[in-house]
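Asker: What the sequence shown shows, in numbering that gives the first Met the number 0, is residues 0 to 194, in sequence order.
For glycine and all other residues, C-beta sits at the position ideal for the given N, C-alpha and C.
I'd like to ask some things about the structure below.
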Amino acid sequence: MAPRTSKDERQEQVRARIVEAARELFETKGAEGLSIRAIAARAGLPAMTLYSYFPNKMAIVRALWSLAFDPLFAKMRAIETAEPEPKARLRKVAQAYVDYWLSHPDRYRIVYTIEDRRESGQDQWFIEETDVIAAHMRFGQLIAAARGDPQGDDRIRAEALICALTGVAHMLIGVSEYPWRPSDRYVETILAGFC
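Right, dumping it as structure tokens:
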């Protein structure tokens, strides 16, 4: 691999500036505030310049999604590696998933309130471009191990668990005025149905 040049570094800095501008706009104005013109103005760039770095607005949103998921998946992998006991591992990873979104509600909203769409016939879906599905589907192996089948992979239960955990985060973030119990109570209740 060739060493990074200062041009490459400058391009990455500008890309990061654009993504940060989009993040700030989303936090202050919501999804409606994410237009190419608004992002460019916030980044201090001419609007047409953004197309040199991202082919369309959806590509910028997808960059935001990657930034939201990367630390979550790193945390989940670290817990999975550190915890030898299968049921405790599943519980800790599931709790980390919920806790991450509760600690970063703006990231949750970016990921779960903006629908992915293809901007051109050549675009793939975000989940096809990244390891998001594979990272989420690790829950299948965690569930199988907690159920006594360390070689198994329980995809349908993984999908159901992801829906349930995301639902906990969604309700605690989106309906914060309700007197919810601590998230670990919901995670424990959910996991009781899985193993």
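Between which two residues does the alpha helix (DSSP H) harbouring I142 extend?
Answerer: Unbroken alpha helix (DSSP H) run through I142: V131 to A145.
Asker: Please state the DSSP three-state secondary structure of Y177.
Answerer: Coil, per DSSP.
Asker: Tell me the rounded alpha-carbon separation between I132 and A46.
Answerer: Cα-Cα distance, rounded: 33 Å.
Asker: Suppose you measure from the CA of A58 to the CA of Y52; what does that come to, to the nearest Å?
Answerer: Distance between the alpha carbons of A58 and Y52: 9 Å.
Asker: Considering only the alpha carbon of each residue, which of K28, F25, Y185 and Y50 lies closest to L160?
Answerer: Of the listed residues, the one whose Cα sits closest to L160 is Y185.
Asker: Using 7 Å as the cut-off, classify the Cβ of R22 as near or not near the heavy atoms of the ligand GDP, replying yes or no.
Answerer: As for the ligand GDP, it is missing from this structure, which has no ligand bound.
Asker: By the 10 Å Cβ neighbour count, where 16 or more other Cβ atoms means buried, how is Q150 classified, buried or exposed?
Answerer: The residue is exposed, with fewer than 16 neighbouring Cβ atoms inside 10 Å.
Asker: Taking P104 as part of the alpha helix (DSSP H), name the residues at either end of that continuous run.
Answerer: Start and end: P104 to T112.
Asker: Taking the alpha-carbon positions, what's the I38 to L101 distance?
Answerer: Whole-angstrom Cα-Cα distance: 26 Å.
Asker: Does DSSP classify Q123 as helix, strand or coil?
Answerer: Three-state DSSP puts Q123 in coil, outside helix and strand.
Asker: In three-state terms, what does DSSP make of R76?
Answerer: R76 falls in the helix class under three-state DSSP.
Asker: Taking only the alpha-carbon atoms, compute the straight-line gap between W179 and R106 and give it to the nearest angstrom.
Answerer: Straight-line Cα distance between these residues: approximately 21 Å.
Asker: Measuring CB to CB, does E139 end up less than 8 Å from A168?
Answerer: First, the amino acid is wrong: residue 139 is Gly here, not Glu. Cβ atoms of G139 and A168: not closer than 8 Å.
Asker: Comparing C-alpha positions only, which one of H103, G192, E128 and L49 sits nearest to I172?
Answerer: The shortest Cα separation from I172 among H103, G192, E128 and L49 belongs to H103.
Asker: What first and last residue would you give for the alpha helix (DSSP H) that runs through R117?
Answerer: Counting along the chain, R117 falls outside any alpha helix (DSSP H), and DSSP gives it neither H nor E.
Asker: Leaving out the 5 sequence neighbours to the left and right, which residues in its chain are closer than 6 Å to N55 when beta-carbon positions are compared?
Answerer: Answer for N55: E118, listed in chain order.
Asker: I believe I78 touches V97 by the beta-carbon criterion, under 8 Å. Please report the beta-carbon distance rounded to the nearest angstrom.
Answerer: No, I78 and V97 are not in contact; Cβ-Cβ is about 13 Å, not under 8 Å.
Asker: So, for Y111: in the same chain, excluding its five sequence neighbours on each side, which residues have a beta-carbon less than 8 Å away from its beta-carbon?
Answerer: Here the set comprises T165 and H169.
Asker: Throw me the rounded Cβ distance for the D152 and A143 pair, which I believe falls under 8 Å.
Answerer: Sure, about 6 Å apart at Cβ, within 8 Å.
Asker: To which residues of the same chain is F125 closer than 8 Å at the C-beta, ignoring the five residues directly before and after it?
Answerer: Contacts found: R61, W64, D115 and V131.
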